[in-house]
Structure formats: C-alpha cells, structure tokens
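Numbering (the working numbering), first residue to last: 1061 to 1341.
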C-alpha cells in the first residue's frame, strides 16, 4: 500500500451497541451500554459518557493482565478528548429528569488482535458502537422531586439513538527519519512499523474537516509547516474511515427495514437481525 493510504477497513455490527472493527489485521470490539443514574450535583442536567479500554494478552503478548497499562490509560484519555470533550455527542440530551435521572453511557473497547495503530481503531470502534446504540424510551410520572422514571420496552416505544453533533475519527501518522535527515511519515502504521518509527502524531477530524484534537506522544519534533502538511494528509484519509462506518450503518438499517417489511406481511412481529458487516478496501 501507499504510505498515505490506510489499510482495509471492515465493520461488523452485532447486537445494538456492539461492533467489531478490523483495520488491516488489527481487530477491536466495542460495546456501548446505558443505564439510568443520578447526575452529578454540579451538573444536574447532563448525562454521563465514559470510556474504558482493555489491552489483554490475547491481543498481543506485550500486554499483561492486571491494572490498566499506560497505553490503555492513554487510549482512554484520547477517547475522552475525541468523543466527549469535542462535544461530538449531546450530553444534555441524555438528561431525563434534571437533578434526578440521566443516562449514563459506557463504552468498553477491547482489543482482540494488535497489529498496529491502536488509536485509530479504538476511536473508530467507539464511534460505531455509540452510533449503533439505542436508548430505551421512558415514561415520566409526576414532577420535581416526586418524578418517577420508567423505561419502556421496544414493543411499547421505539428506542432512540444518541444525538450527535459531529462524527470524529482519528488518523495516526508514524514518523521516520531518512538517511538525508528528512522527516518521512506513514499513515496507519502497522505493529512492525511502530517498532522502528521515531515518533507519531494522532490527528482527530470530523466530517466537516474540523480539527477536534491533536495527540503527539513524544518522539521526533515536528515543525509548523510539517504539522500542517500532516493535518492535510490526515484530512484526505479521514473521509475513508467515516465512510466505512456510515456505509455499514446504512446497510444494517436497510437490512432491518427489509426484514421488518417481510415479517409484517406475515403478521409476525419484527425481530432484530443478528449481525451485519461492511468492508472498505
């Protein structure tokens, strides 16, 4: 592949809120869940959005069982910056009754196979899982402190998706130094390329080409002109990552609608499809 191209992207949707993403040979699974909880006292009208990352020895022998490693903590912070602090999701829309009940959304990212570029695959999987999540409809009885909230089944009311302001994705560039001393970079570095690269830069962009976050974990210094060139290259690669999620989501929705229409003709209640996948090569 060309050094400015990403590897093949494969998105596989399972149960609501669950997705498996494959970027090249790197595989990651993300599961988004939600529950009603009491809000924080200083933010009574805002819901909660939390991210957790698991790097297990199953993905790579370099990972150990036990406390979250520095790499896992770094990925969790990057997910926070990319999806929560960039206001990609409307946190206030997660409020059900101010000061009493809000939705707490949790996204668990688990790596199944580490073959390089954990950042891009983690953010892509978390984005797909959150887009795939549906919140149960609720009924509210009473007002103020006496208000009670009850969740409704999917047969009683249609579950609702999260409200997105924009859709951020990450593009990682691995830095290398040529024999002549020039800075070279590779988009979507593999695990072997990561072993010999001299630094990296993670660029987070949304569908409007707006810069949401930058993350540079040490390594070679980058001049201003080089940084701008890296951002331009990332902006060219980002739409391909977004297209994989959008395409898989649309095809999954079409599959559910077609199945529901078929069952409606027989008078049977529609059931959710088990899984659907889409690949961008």
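All C-beta atoms, glycine included, are put in the ideal place defined by N, C-alpha and C.
Between the CA atoms of residue j and residue i - distance to the nearest angstrom
i            : j            : result
residue 1270 : residue 1103 : 27 Å
residue 1154 : residue 1164 : 8 Å
residue 1114 : residue 1285 : 36 Å
residue 1264 : residue 1146 : 10 Å
residue 1283 : residue 1275 : 15 Å
residue 1194 : residue 1127 : 31 Å
residue 1064 : residue 1297 : 8 Å
residue 1312 : residue 1151 : 26 Å
residue 1334 : residue 1250 : At residue 1334, the pLDDT of 46 sits below 50, so the modelled position is not reliable and the matter cannot be decided from this model.
residue 1326 : residue 1220 : 26 Å
residue 1316 : residue 1236 : 46 Å
residue 1218 : residue 1305 : 23 Å
Proximal residues to residue i (C-beta, below 7 Å), its chain only, five neighbours per side dropped
i            : result
residue 1278 : 1259
residue 1419 : Lying outside 1061 to 1341, the shown extent of the chain, residue 1419 is not represented and no answer is given.
residue 1198 : 1156, 1209, 1210, 1211 and 1212
residue 1067 : 1061, 1083, 1084 and 1248
C-beta atoms of residue i and residue j nearer than 8 Å
i            : j            : result
residue 1149 : residue 1301 : no
residue 1175 : residue 1080 : no
residue 1223 : residue 1161 : no
residue 1261 : residue 1290 : yes
residue 1273 : residue 1091 : no
residue 1388 : residue 1173 : For the chain, the structure presents residues 1061 to 1341; residue 1388 sits outside this window and is missing.
residue 1186 : residue 1139 : yes
residue 1135 : residue 1108 : no
residue 1308 : residue 1071 : yes
Contacts around residue i, its chain only, beta-carbon distance under 8 Å, and the 5 residues preceding and following it disregarded
i            : result
residue 1294 : 1231, 1233, 1247, 1263 and 1265
residue 1157 : 1200, 1207 and 1209
residue 1125 : 1116 and 1117
residue 1183 : 1138, 1139, 1142, 1143, 1228, 1229, 1230 and 1264
Cβ-based neighbour list, residue i, same chain, cut-off 6 Å, excluding 5 preceding and 5 following
i            : result
residue 1170 : 1089 and 1114
residue 1324 : none
residue 1099 : 1162
residue 1094 : 1163, 1165 and 1195
Ignoring anything shorter than 3 residues, give me the beta strand (DSSP E) runs that lie fully in the region 1168-1210, in order along the chain. You should have 1198-1201.
For the region 1253-1299, list the beta strand (DSSP E) runs that are entirely contained and at least 3 residues long, ordered along the chain. With a minimum length of 3 residues, the unbroken runs of beta strand (DSSP E) contained wholly in the region 1253-1299 fall at 1259-1265 and 1271-1275.
Sequence ranges, beta strand (DSSP E) only - wholly within the region 1075-1137, length at least 3: As far as the region 1075-1137 is concerned, its whole beta strand (DSSP E) runs of at least 3 residues are 1078-1083, 1086-1097 and 1108-1115.
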